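Novice: Line order of the protein sequences matches chains A and B.
Counting from 14, one number per residue, gives the positions in the first sequence under my numbering.
Counting from 14, one number per residue, gives the positions in the second sequence under my numbering.
Number of protein chains: 2
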Amino acid sequence: MVRKTKEDAELTRLRIIDAARAVFLARGVSKSTLEHIATKANVTRGAVYWHFKNKTEIFHAIREQVFLPLIDRMDDTLGLAIDSTENPLTQIENSLCHTINELSENTEMREIYEIMMIKCEYVGEFATVLHQILNNCSSLIEKIEIAYQRAQTQNLLASNLSPRALALDTHLFFGGLLHMWIKDADGSKFRYQAIDLIKSHINLRRK
Amino acid sequence: MVRKTKEDAELTRLRIIDAARAVFLARGVSKSTLEHIATKANVTRGAVYWHFKNKTEIFHAIREQVFLPLIDRMDDTLGLAIDSTENPLTQIENSLCHTINELSENTEMREIYEIMMIKCEYVGEFATVLHQILNNCSSLIEKIEIAYQRAQTQNLLASNLSPRALALDTHLFFGGLLHMWIKDADGSKFRYQAIDLIKSHINLRRK
DNA sequence: ATATTTACATACAAGCTTGATTGTATATAA
DNA sequence: TTATATACAATCAAGCTTGTATGTAAATAT
Chain A
14 MVRKTKEDAE
24 LTRLRIIDAA
34 RAVFLARGVS
44 KSTLEHIATK
54 ANVTRGAVYW
64 HFKNKTEIFH
74 AIREQVFLPL
84 IDRMDDTLGL
94 AIDSTENPLT
104 QIENSLCHTI
114 NELSENTEMR
124 EIYEIMMIKC
134 EYVGEFATVL
144 HQILNNCSSL
154 IEKIEIAYQR
164 AQTQNLLASN
174 LSPRALALDT
184 HLFFGGLLHM
194 WIKDADGSKF
204 RYQAIDLIKS
214 HINLRRK
Chain B
14 MVRKTKEDAE
24 LTRLRIIDAA
34 RAVFLARGVS
44 KSTLEHIATK
54 ANVTRGAVYW
64 HFKNKTEIFH
74 AIREQVFLPL
84 IDRMDDTLGL
94 AIDSTENPLT
104 QIENSLCHTI
114 NELSENTEMR
124 EIYEIMMIKC
134 EYVGEFATVL
144 HQILNNCSSL
154 IEKIEIAYQR
164 AQTQNLLASN
174 LSPRALALDT
184 HLFFGGLLHM
194 WIKDADGSKF
204 RYQAIDLIKS
214 HINLRRK
């Protein structure tokens, strides 16, 4: 039997993506072969080539699985809905903690982050991804800044630093935390205290 | 003419390392060939294999060029000499700014950082490097913590966060900054304001 | 009912990379 | 002065990847 129904085909597409994620994680993107991926997905390279043009396309498919929903969720957790009533600083804290908790519980997301951060070389055609990352950062910073502006308006801030500066500092802190969280695979250095680190970071700003 | 004097041989070794740095930067470590490196260094693969066992050894040679001196310099700039009289917070600030300035001026160092951060896949034999990175971080954090302890003793701190928590926050901030600084190749997002970001970060702690 | 896609599997050609081997001219040690 | 180790260059065999081309059976359209 060869030809499958459309639903079956979509399943094999997902199986290929899942397989690619496992293979990328284990061998790194560059040293992962379409044959590796196909074998892991219990198909042949023919199937892979049918669904994807090449390895790069699979990579982007994996990336989109996690990073497309990411931005939207940020809006929620950062309380950017206008009628939000909670302490903005607490909202920032919760938003960051929420991401860490997601990473802890969501294996798929954790693996994708790990691939993007330490199992991938941003060179050639992958260099464009860097620009996407930079742009994501910009929009994230803006959203954090808005929250800090609300905090400032409500006279909740301990320092007289601008919301912009606070947002940049928070973003860089969290970027660093994510990197360390991922690299600290056994959890002994950063993972176990990530939530505390976030709370300290925010407490430093509370009046 | 083939056989060179010892000094000549050492020069070709350095030429190979320099070439490897350029090739790694341009093509990523995984897709860099010993042939690429040899050609760039104006030698044959025979010379490369004479000086290095394989690509991994070249990688480590490049890494040691920058990261071995790094730890020592940190001791200086962080003012860990006991007779240091300057404001500890200013010393931390200067230390971080000094690293950024080094990255700006020292092409070699900047390229090596870029290779290690976004042109290399930490998998297989490279995974051990992750542990080295984690350990480096630990010692760095300790040194920053000592400086914050001095600041606390001198009653210079605005918050009542522990020196440990402040050091971790600073380290994560700076790690994030380094990553963004490297990724922001055209300098429009982070590089141009890196020094200001550091000063804001430290000012947040000043009484 | 037949024609035509679809969703793969199989086969093939080409290039690339690696490691090993061999060759060799020259420093350097004895 | 001679022997040997050094610092490479050149060659070779083997395997691995990739892209493409072709085959094919079943689903779907007509």
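Don't be surprised by glycine CBs; every beta carbon is placed ideally from N, CA and C.
Just so you know, these numbers come straight off a predicted model, no measurement behind them.
With residue 36 of chain B as the anchor, note down where its alpha helix (DSSP H) starts and where it stops.
Specialist: In the second sequence, counting from the first residue as 1, residue 36 of chain B sits at position 23. Where residue 36 of chain B is concerned, the enclosing alpha helix (DSSP H) stretches over 19 to 40.
Novice: Quick one: does residue 113 of chain B have its CB under 9 Å from some CB of chain A?
Specialist: In the second sequence, counting from the first residue as 1, residue 113 of chain B sits at position 100. It does not; no Cβ of chain A falls within 9 Å.
Novice: What residue ranges within the segment 48 to 118 of chain A form continuous beta strand (DSSP E) runs of no fewer than 3 residues, ordered along the chain?
Specialist: The qualifying runs do not exist here; there are none.
Novice: Round the Cβ separation of residue 207 of chain B and residue 125 of chain B to the nearest angstrom and send it over; I've been treating them as touching at under 8 Å.
Specialist: Taking the second sequence and counting its residues from 1, the one referred to as residue 207 of chain B is at position 194. Taking the second sequence and counting its residues from 1, the one referred to as residue 125 of chain B is at position 112. Actually they do not touch by this definition, with Cβ atoms about 18 Å apart.
Novice: With H, G and I counted as helix, E and B as strand and the rest as coil, what does DSSP make of residue 170 of chain B?
Specialist: As a position in the second sequence, residue 170 of chain B is number 157, starting the count at 1. The answer is strand: DSSP assigns residue 170 of chain B an E or B state.
Novice: Quick check: what's the CA-CA separation for residue 136 of chain B versus residue 149 of chain A?
Specialist: In the second sequence, residue 136 of chain B corresponds to position 123, counting from 1. In the first sequence, residue 149 of chain A corresponds to position 136, counting from 1. Cα to Cα, the separation comes out at about 26 Å.
Novice: If the cut is a Cβ gap below 8 Å, which residues of chain B does residue 216 of chain A touch?
Specialist: Position 203 of the first sequence, counting from 1, holds the residue named residue 216 of chain A. Within 8 Å Cβ-Cβ: 172 and 174.
Novice: For residue 43 of chain A, which residues in chain B fall below 7 Å Cβ to Cβ?
Specialist: Position 30 of the first sequence holds residue 43 of chain A. Per Cβ cutoff of 7 Å: 41, 43, 44 and 134.
Novice: Does any C-beta atom of chain B lie closer than 9 Å to the C-beta of residue 137 of chain A?
Specialist: The residue labelled residue 137 of chain A in the question sits at position 124 within the first sequence. Closer than 9 Å: yes.
Novice: Is the Cβ-Cβ distance between residue 75 of chain B and residue 61 of chain B less than 9 Å?
Specialist: Locating residue 75 of chain B in the second sequence gives position 62, counting from the first residue. Locating residue 61 of chain B in the second sequence gives position 48, counting from the first residue. Not a contact, by the Cβ cut-off of 9 Å.
Novice: If residue 220 of chain A and residue 169 of chain A are in contact, beta carbons under 8 Å, what's the gap, nearest whole angstrom?
Specialist: For the purposes of this step, residue 220 of chain A is taken as residue 207 along the first sequence, with counting starting at 1. For the purposes of this step, residue 169 of chain A is taken as residue 156 along the first sequence, with counting starting at 1. About 6 Å; that satisfies the 8 Å criterion.
Novice: Which residues of the segment 190 to 215 of chain B have a Cβ closer than 7 Å to any Cβ of chain A? Give them in chain order.
Specialist: From the segment 190 to 215 of chain B, only 190, 192, 193, 196, 197, 202, 210, 213 and 214 have a Cβ closer than 7 Å to chain A.
Novice: With DSSP as the reference, label residue 218 of chain A as helix, strand or coil.
Specialist: Numbered from 1 along the first sequence, position 205 holds the residue referred to as residue 218 of chain A. Looking at residue 218 of chain A - three-state DSSP - the assignment turns out to be coil, as it is neither helix nor strand.
Novice: The alpha helix (DSSP H) spanning residue 198 of chain A covers which residue range?
Specialist: Residue numbering aside, residue 198 of chain A sits at position 185 when the first sequence is read from its first letter. Careful: residue 198 of chain A lies outside any alpha helix (DSSP H) and carries neither H nor E.
Novice: State the Cα-Cα distance for the pair residue 199 of chain B and residue 183 of chain B, rounded to the nearest angstrom.
Specialist: Against the second sequence, residue 199 of chain B aligns to sequence position 186. Against the second sequence, residue 183 of chain B aligns to sequence position 170. Those two C-alpha atoms are separated by around 25 Å.
Novice: What in chain A is Cβ-close to residue 147 of chain B, meaning under 7 Å?
Specialist: Taking the first residue of the second sequence as 1, we reach residue 147 of chain B at position 134. Result: 196, 197 and 202.
Novice: In the DSSP assignment, find the alpha helix (DSSP H) that holds residue 204 of chain B and state where it starts and stops.
Specialist: By 1-based counting over the second sequence, the position of residue 204 of chain B is 191. Unbroken run through residue 204 of chain B: none, as it is neither H nor E.
Novice: Decide if the segment 151 to 169 of chain A is in contact with the segment 17 to 33 of chain B; the criterion is three or more beta carbon pairs, one per stretch, under 8 Å apart.
Specialist: Touching, no.
Novice: Sort A/193, A/159, A/141 and A/109 by Cα distance to residue 213 of chain A and report the nearest one.
Specialist: Taking the first sequence and counting its residues from 1, one reaches residue 213 of chain A at position 200. If we check each option's Cα against that of residue 213 of chain A, A/109 comes out closest.
Novice: By the DSSP assignment, the alpha helix (DSSP H) with residue 1 of chain A in it spans what residues?
Specialist: Residue 1 of chain A lies beyond the residue range present for chain A, which begins at 14 and ends at 220; the question has no answer from this structure.
Novice: Drop a sphere of 10 angstroms on the beta-carbon of residue 176 of chain B, count the other beta-carbons inside from all chains shown, and report buried for 16 or more, exposed for fewer.
Specialist: Position 163 of the second sequence, counting from 1, holds the residue named residue 176 of chain B. Burial call: buried.
Novice: From residue 79 of chain A to residue 58 of chain B, what does the alpha carbon distance come to, in whole angstroms?
Specialist: Residue mapping note: residue 79 of chain A aligns to position 66 of the first sequence, counting from 1. Residue mapping note: residue 58 of chain B aligns to position 45 of the second sequence, counting from 1. The straight-line gap from Cα to Cα measures roughly 42 Å.
Novice: Report the residue from A/33, A/64, A/43 and A/44 whose alpha carbon sits nearest the alpha carbon of residue 52 of chain A.
Specialist: Start at 1 with the first residue of the first sequence, and residue 52 of chain A comes out as number 39. Taking only the C-alpha atoms, the option nearest residue 52 of chain A is A/33.
Novice: Cβ of residue 131 of chain A less than 9 Å from any chain B Cβ?
Specialist: Residue numbering aside, residue 131 of chain A sits at position 118 when the first sequence is read from its first letter. At least one chain B Cβ lies under 9 Å of residue 131 of chain A.
Novice: Counting only C-beta atoms, is residue 184 of chain B closer than 9 Å to chain A at any point?
Specialist: As a position in the second sequence, residue 184 of chain B is number 171, starting the count at 1. For residue 184 of chain B, the answer is yes, since a Cβ of chain A falls inside 9 Å of its Cβ.
Novice: I need the DSSP call for residue 136 of chain B, collapsed to helix, strand or coil.
Specialist: To locate residue 136 of chain B, count along the second sequence from 1; it is residue 123. Residue 136 of chain B: coil per DSSP, three-state reduction.
Novice: Which residues of chain B have a Cβ atom closer than 7 Å to the Cβ of residue 178 of chain A, listed in chain order?
Specialist: Working through the first sequence from its first residue, we reach residue 178 of chain A at position 165. Going along chain B in sequence order, the residues near residue 178 of chain A (Cβ under 7 Å) are 213.
Novice: For residue 44 of chain B, which of helix, strand or coil comes out of DSSP?
Specialist: For the purposes of this step, residue 44 of chain B is taken as the residue at position 31 of the second sequence. Looking at residue 44 of chain B - three-state DSSP - the assignment turns out to be coil, as it is neither helix nor strand.
Novice: Check each candidate in A/104, A/88, A/130 and A/55 and name the one with the smallest Cα separation from residue 197 of chain A.
Specialist: Translated into positions along the first sequence, residue 197 of chain A becomes position 184. Of the listed residues, the one whose Cα sits closest to residue 197 of chain A is A/130.
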